[in-house]
Structures are given as structure tokens and as C-alpha cells.
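Written below as C-alpha cells is the structure these notes are about.
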Amino acid sequence: MPESNLKPSGGGRHDALLTTVWWMLTALLVLCLVVAVFCLLAYPIILLNKAYLLPAFGKMGIAGSAIPWIGVLGAIAAVELALTYLFLRNLRRIIGSVANGRPFEAVNADRLRHMAWLSVAMQVVAVPMTRLIVWFDALPQAPNVHHNSDGISVGTILLTLVLFVLARVFRTGAAMQEDLEGTV
Amino acid sequence: MSIIVNLDDRLQEKRMTLTELAERVDITLANLSILKTGKAKAIRFSTLDAICRELDCQPGDLLEFSAQSASH
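Sequence order for the protein chains is E and D.
The first sequence begins at 1435 in our numbering and counts up one residue at a time.
The second sequence begins at 2 in our numbering and counts up one residue at a time.
Next up, the structure:
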């Protein structure tokens, strides 16, 4: 594994902000995995406890025919979480490389480009996921959830554009760093 | 690279080691080795100035253009 994949250490100067963000991202990565496992297990658990849960769903206005869609929603959410996991892992590796004093490397430009494409994929997956959530939300007596109804986020689109631009900036920075290292 | 660095010849003339030159011009031995072996991509005027001063030579004594190397 490259050095930049590791925890921020003595390679560069100590930066409390970077270390804090690194640990926050580590916690979020664990959370993503836990929630993704829960999403994948939710439908089998519902099926195993069908006899007990179906009447409870009925009271919430969710018909038995809607139950398989919970499984679909769980699967889509797991995919979204997997994409989020990869996105955060790339970000954590970039932060590690910054903390270790070597941010302008070609591998970081690749990571930023991957993050941009991951945010595109996350946006695409968010559309059917949000439609399903809206549908469940519209069912009678279901808890009211406030959310963006179409799943398309202007913020995510802007983030994607910024990431693509940053990938180019880092690619140029890596080339400049390489030139600088060959200068005596 | 079509630029040849003749640092070794100048050092022999002055009977000076690379380590000694590195200390005198305040450049790391690793960087001076990069220059000597022709692996450097660029040289700062300040480095050239310091080396010329210590070896009592001109930049042209250190650097040489070789068309033969360029064609390879």
C-alpha cells in the first residue's frame, strides 16, 4: 500500500484538522459498512418474521404487495452506501497523503477523478432510491419524511464538477512536483 | 538527454570529491549525484553559480550539448 493510504503520521507537519477529519472519515466508513449490512439483511429479516410483521405493516398502511419493494429499497440503499464507502475511502487516502506532505501525486489526481465518477453514480442511484422513499412516504399513516422528491441534488452536481476540475489541478500539480524534484 | 554534465572531469581536475563539493555548495549529496549522473531535469542558476565558483570554471565547462545523444 502506498504511504498515503496510511494514517497521517510524522511525514509532514502535524495538522489537527486533518487528523480529526481522518478519524471522522474512518468512523463514517465503519458506519457505511454497518448500515449497508443492515440494508441487505432487512428484507430477509422481514421475510423470516412475516407472520409477526405483516399485521404491523398493515396498521401502517403498507400492503403485503409492497413488502418486496422494501427489499429493492434495501438493495439500492446498499449500493448507494457502497459507492459512498468508496468515495470516503478515496477522500481519506487523499487526506493521508496531504498530512504526510505529498499531496501532488498522480495517484491523488486519479482518486479525485474516481470520486467525481462515484458522485455521478451516487446521484444516478439516488433517483430510484428517492422515488421509492417518496412512494413509501405517501402510503397512509407512514411516518412523514421530508426530502428532495426527485433525488437530484444541485449540490452533488456542483461537487462532481469541482472534483473533475480538482483532478485536473492535481494532475498539473503532480507534473510540476515531478519537475521540481528533478531540479537541482 | 542531449545535455552532458561534465562534473566528474572538473572534480578530477580540482582533486575534489563529490561529498566535498556538496558541503561547499550546500547542496545534498543526493542532488549532486543526480546532476552528475545526468538524471537532473533542470539546474538552478544559484546551483550553477555555486558550482562554478567552487570549481573555478565556466558553465560551459560543466555542460555540453551532444547532438549524438539527442538523436538516441
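For every residue, glycine included, the Cβ atom is placed at its ideal position computed from N, Cα and C.
(message) Measuring straight from C-alpha to C-alpha, what distance separates ASP1613 of chain E and MET1458 of chain E?
(response) Rounded to the nearest angstrom, the two C-alpha atoms are 35 Å apart.
(message) I need the boundaries of the alpha helix (DSSP H) containing VAL1618 of chain E, first residue and last residue.
(response) Premise fails: VAL1618 of chain E is in no alpha helix (DSSP H) and is neither H nor E.
(request) Kindly indicate which residue of E:LEU1593, E:ASN1524 and E:MET1563 has the alpha-carbon position closest to the one of ARG1584 of chain E. (result) According to the sequence as given, residue 1584 of chain E is Asp; it is not Arg. Looking at the Cα atoms, E:MET1563 is the closest of the given residues.
(request) Mind checking who LEU64 of chain D pairs with in its DSSP beta bridge? (result) Note: LEU64 of chain D is bridge-paired with D:VAL6 in the DSSP secondary-structure output.
(request) Excluding the 5 residues preceding and the 5 following MET1549 of chain E in the sequence, name in chain order all residues of the same chain whose CB lies nearer than 6 Å to its CB. (result) Within the same chain, MET1549 of chain E has close Cβ partners PHE1521, ASN1524 and LEU1597.
(request) Please state whether DSSP places ALA41 of chain D in a helix, a strand or coil. (result) ALA41 of chain D falls in the coil class under three-state DSSP.
(message) At the level of alpha carbons, what is the spacing between ALA1608 of chain E and ILE28 of chain D?
(response) When only Cα atoms are considered, ALA1608 of chain E and ILE28 of chain D end up about 24 Å apart.
(request) Enumerate in chain order the residues of its own chain whose CB-to-CB distance from ALA1470 of chain E is below 8 Å, with the five nearest sequence positions on each side excluded. (result) Counting only residues of its own chain and dropping the five nearest sequence neighbours on each side, ALA1470 of chain E has a CB closer than 8 Å to the CB of ALA1511, ALA1512, LEU1515, ALA1516 and TYR1519.
(message) Between VAL6 of chain D and LEU63 of chain D, how many whole angstroms is the CB-CB distance? I'm expecting something under 8 Å.
(response) Rounded, the Cβ-Cβ distance is 6 Å, consistent with contact.
(request) Return the CA-CA distance between LEU1600 of chain E and GLY1505 of chain E, expressed in angstroms with no decimal places. (result) Taken atom to atom, the span from the alpha-carbon of LEU1600 of chain E to that of GLY1505 of chain E is near 37 Å.
(request) Check whether the Cβ of THR1617 of chain E lies closer than 7 Å to any Cβ atom in chain D. (result) It does; some Cβ of chain D falls within 7 Å.
(request) Please report the residue range of the alpha helix (DSSP H) in which PRO1537 of chain E lies. (result) Careful: PRO1537 of chain E lies outside any alpha helix (DSSP H) and carries neither H nor E.
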